[in-house]
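A quick write-up on the structure given underneath.
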Amino acid sequence: MTDNDHNSHTPIDPDMRPNFDAMPNVAMMDTSHVDKDQPPFVLVDGSYYLFRTYHALPKTMANTQGLTTNAIRGTLNALLKVMRRYHPTHMAVCFDTKSPTFRHAMSSDYKAARPPMDPELVEQIPYIHHLVAALGIPLLRIEGAEADDIIGTLAYRAVEQGHHVVISTGDKDMMQLVNDCVILEDSFTGKVTDSQAVVDKFGIEPSQMIDFLTLMGDSSDGIKGVPGIGKKTAKDLLNKYGNIETMLENVAEIKGRAGKNLVEYADDIPFNAQLATIVTDLAVGHDWSDLKINTDPCAHIEKLRALYTELEFKNELASLDHPNHPANGSQSVADSQADAESQAQVAKSLQSSKIENIKDSKRHDKAWHTVLDEPAFESLLKQLTTAAHFVIDTETTSMYWREAELVGLSFAVKAHEAYYVPLTHRLEDDELTTKQLDRDTVLAKLKPILQNPNIGKIGQHLKYDAHVLSHYDIDLLGSIHSSPNNWAMDTMLASYVINAAITRHGMDDLARHYLQTQTISFEDVAGKGAKQVSFDQVAIDIASDYACEDADITYQLFDIFRQKLAENDTNFRLLHELEIPTAQILCQMEAQGILIKRSFLNELSKRFDEEIIALEAQAHELAGETFNLGSPKQLGEMLFEKLGVAGGKKTKSGQYSTSEAVLSKIDHPLVDITLEYRGLSKLKSTYTDALDNVADAETDRVHTSYHQALTSTGRLSSTDPNLQNIPIRTATGRLIRQAFIAPKGRVILAADYSQIELRLMAHFSGDKNLTRAFNEGLDIHAATAAEVLGKEVTDVTATERRNAKAINFGLLYGMSAFGLAKQLQMSRGEAQDYIDMYFERYPGVKEYMMNTRASAHEKGYVETILGRKLYTPDINHSNRMVKQGAERAAINAPLQGSAADLIKLAMIAVDKVLPKTQAKMLLQVHDELVFEVDSDKVDEVSQLITEAMQNVLTDTAVEKGWQVSFAVPLLVETDSGKNWDEAH
DNA sequence: GTTGGTACCTA
DNA sequence: GTAGGTACCAACG
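Position one of the first sequence corresponds to residue 1 (full-length UniProt numbering), numbered consecutively onward.
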């Protein structure tokens, strides 16, 4: 590749020393004439982002040609971010060149400490240059000049001509250029620096920055500084004397090593000052019109396309063709799923160029505070009391809510400002621990605020914080609701509702994706692996940064999501009327837990163990030697090599497969033993032993955790332990279910939606035959068999019904003849014939599947019954297998996702009618809800639950603003008994 | 001590 | 053929 000649520049002679005496000083400029109503002039320090993102982002980001792309992506994202934020009309991206500059000529030490650039970075540089050009942004590289000096010069000229300026960089040296109309922004971290921020950070004015650097030196730039003068002394001296000149005039009164060395090294000071000074009067041959961004979307789109193709930036590439694709709303640095804003979109936002954020460009740097005394806490309380809404985050000793103890609390009332209230940090040698406020006093004062429904609470994964605070008798979630001026929001759920697939929804992921910011990780502050300590062992000043960042980031995410939700009423309602109420209910269910019968589980464990030992002995007997029956590898070798059994198949890793599908076709005693052994060890290790281990020692209750923002379809998942996969298919497995019981005087009641996904298929497809079968209340699988085979329902045999059931499930899963053949143990041709016959009888279903597939291809998403958009990122994947997989998922997603929507509505509906009955909702298993009910109220409660569940679409959904006219009835089946097995 | 592969439990 | 979680082994650092 060659560098573009969009900008050609006269080289600067490195031997020509700038005239420092006459150099204009940006920080001291008069700025009264500057017009801040125009968009700012944006100057990007390209070299900074190159290095920063190359080292900060994983080197594993690469295309299939082996080209590392992390710096390309990182720099591109930084560029797009700053453009999106300020909508500039004029801009320049500046890079260093390899050639020496006047600073090298001045000092052999200058940047001599820098190791040579990695080849993996070098090869990325031309791509970045070309991307900048293809985006229509002026690119400046001048032989003999550094990016800093080009930026300094252009910043000076811009202000002189009445423009205000944003310099996009993370280099602190640039702070010398800051004034009322020039700010810095690090577009990688999002940090903004104005003059106040410089004062906050170093205690000096931007105009003193050169002197500051001169005195304390900068090892990375090879500036030596004055020995004995560091950050603190330099600050104190500058505050006293204003500048180095005055300082030297009064050097006699400066005591100690600093004074002595100032005299001794006085001769070096002018030289160091020159190295530290950014040149502002470089002979850059550009006038204002050269620095205009080319906003014509067509001008460079083919160049962009070629670049994205070569780099394999697939989403960015796709976005060129689908400029309005909904997945394009935001940027990600590291997430390969992320979409970059297309050229067309950049152009669009530039054209709309309303300067959204004059305030932004004047904003102070984020201010993070640690609250360690009464006045500070009282002032925080006052802010929280008068706020419409605020961010709260708890820091605790454990990520498991059940064992978590509160360590501190952080708050944010606006972006870039946060407070941390440490409470129970216990690190020895940390003198701040003694200054902590008393936990109970703090909580007592916060309680009325946290429980006040008129003050909105914002948080990331609030269910967790609610659990923690409930241990201290504070009900955080109980009264959460939003009104236009008073927001409640869980940013995790907001992100999930807006787009479940584009990123994961942990805070680090959200910060990376939506804010292009790498957060301080928990491992950074607490260590990792065995050496990790709990948060109360983290030093308070470090903990405070971490906690404040969490609150701050959450507030910034809130700002983004608030805007996105305001533009999309469906997503707004999904969050506030569905997900947040669901979270509140899940919180109660998790806290409630389900009672287990320990003795029974222990007995089962013992029994299973005996049988397992016996089976193992038999296996070793048959094999003639001992081996690990639980190792698929050893078993495969034993069976297919040593014993010479036929029928061995290999997995893709070259091992023998010993899956049930393979083994069940083999007639050999060792196979039977193996399958039984596996069944029992699965039950013992995953269920009987595990449940006993996790049950609460005092109450014998098991408390699962539901993940509400994990699945691609809107379903919940359950962990620690997973109570959504308790065995039911085999008699032995059902023994486990019998261990889930109700306390004395109560019973377990289970209510499940019958055939909900097939009913949804009937609804979505409108197929006459399928709809009729449900409306007539037929056995749906038998009805399918009768329909396809052209006989009466009463004449359908068990095998025919079984086959029909398989095809019905196949439908829900995006069926292929291949898959159906495998399931039914028939040839592909037979399976295809069967499918063809099915579609002939159910043409509406066939049409639905085709339409869904087509629509997913076109839009990039499918929708559930409540309008939740489920994105299908791989739907146009170049790999055929991947694409077909995405198509099957796209067919299944509206069905599975709608069922998930409905049961969430059902939980909300049921939760409303339960309180007067003393019944408690305990578990959700996708289409089933499990309750604990007083024995004498079973009929009454069962009736209430059934009605609530069956009528969700006519009652609850309508109440919450959804209008769905459902094509078939929703049927709920309930049963009860002294354990979960009996209730099912 | 972490990670990928295999197997198997659910709707 | 869809969507999940957990346990175990074996290899890797």
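Beta carbons: idealized from backbone N, C-alpha and C, even for Gly.
In this structure T704 is in contact with S718, their Cβ atoms being roughly 5 Å apart against a cut-off of 8 Å. Here H286 carries a coil assignment [DSSP, helix/strand/coil]. One thing to note: A27 has its Cβ no nearer than 7 Å to the Cβ of T53.
Ranked by Cα distance from L423, the options F390, E374 and S482 are led by E374. When only Cα atoms are considered, V34 and A133 end up about 29 Å apart. When the five nearest sequence neighbours on each side are left out, the beta carbons in the same chain lying within less than 8 Å of the beta carbon of Q161 are those of W288, in order along the chain. In this structure, the beta-carbon distance from A234 to L215 falls below 7 Å. In this structure, DSSP gives L406 an extended state, which the three-state scheme calls strand.
For Y86, the enclosing alpha helix (DSSP H) starts and ends at N70 to Y86. In this chain, I903 is not harboured by any beta strand (DSSP E); it is covered by the alpha helix (DSSP H) spanning R880 to V913.
When DSSP states are grouped into helix, strand and coil, D393 belongs to the strand group. When C-beta atoms of the region 532-545 are compared with those of the region 388-398, three or more pairs fall below 8 Å, so the two segments count as touching. Taking C-beta atoms as the reference points, Y677 and L586 fail to come closer than 7 Å. Note that the region 782-792 touches the region 833-843; at least 3 beta-carbon pairs, one per stretch, sit closer than 8 Å. The Cβ-Cβ distance between A404 and V391 does not fall below 7 Å. Under the DSSP assignment, I183 falls in the beta strand (DSSP E) whose first and last residues are V182 to E185. Distances from the alpha-carbon of A415 to those of C548, D509, E431 and Y156 put C548 closest. The region 859-870 and the region 670-686 do not touch, with fewer than 3 CB-CB distances between them shorter than 8 Å. If you compare the alpha carbons of P18, T658 and V178 with that of E641, the shortest gap goes to T658. Restricting attention to V882, T852 and I756, the CA atom closest to the CA of A906 is found in I756. The region 589-606 and the region 918-929 touch, with three or more beta-carbon pairs separated by less than 8 Å. CA-to-CA, the gap between R103 and V159 works out to about 26 Å. Secondary structure at R141: strand, using DSSP grouped into helix, strand and coil.
Spanning the alpha carbons of H505 and L710 requires a straight line of approximately 8 Å.
When rounded, the separation of the alpha-carbon atoms in T97 and V279 is 16 Å. For G593, there is no enclosing alpha helix (DSSP H), since its DSSP letter is neither H nor E. Minimum Cα-Cα distance from V122 among the listed residues R737, G170 and L50 corresponds to L50.
In the three-state reduction of the DSSP assignment, L135 falls in the coil class, being assigned neither a helical nor a strand state. In the three-state scheme derived from DSSP, where H, G and I count as helix and E and B as strand, E928 is classed as strand. In the three-state scheme derived from DSSP, where H, G and I count as helix and E and B as strand, L735 is classed as helix. In this structure, the CA atom of R402 is about 8 Å from the CA atom of V468. A distance of 7 Å or more separates the beta carbons of L510 and L578. Look at D672 here: in three-state DSSP terms it is helix. The bridge partners DSSP lists for L43 are A92 and I167. Taking the Cα positions, D508 is about 41 Å away from N979. Using a Cβ distance threshold of 7 Å, L493 and L575 count as a contacting pair.
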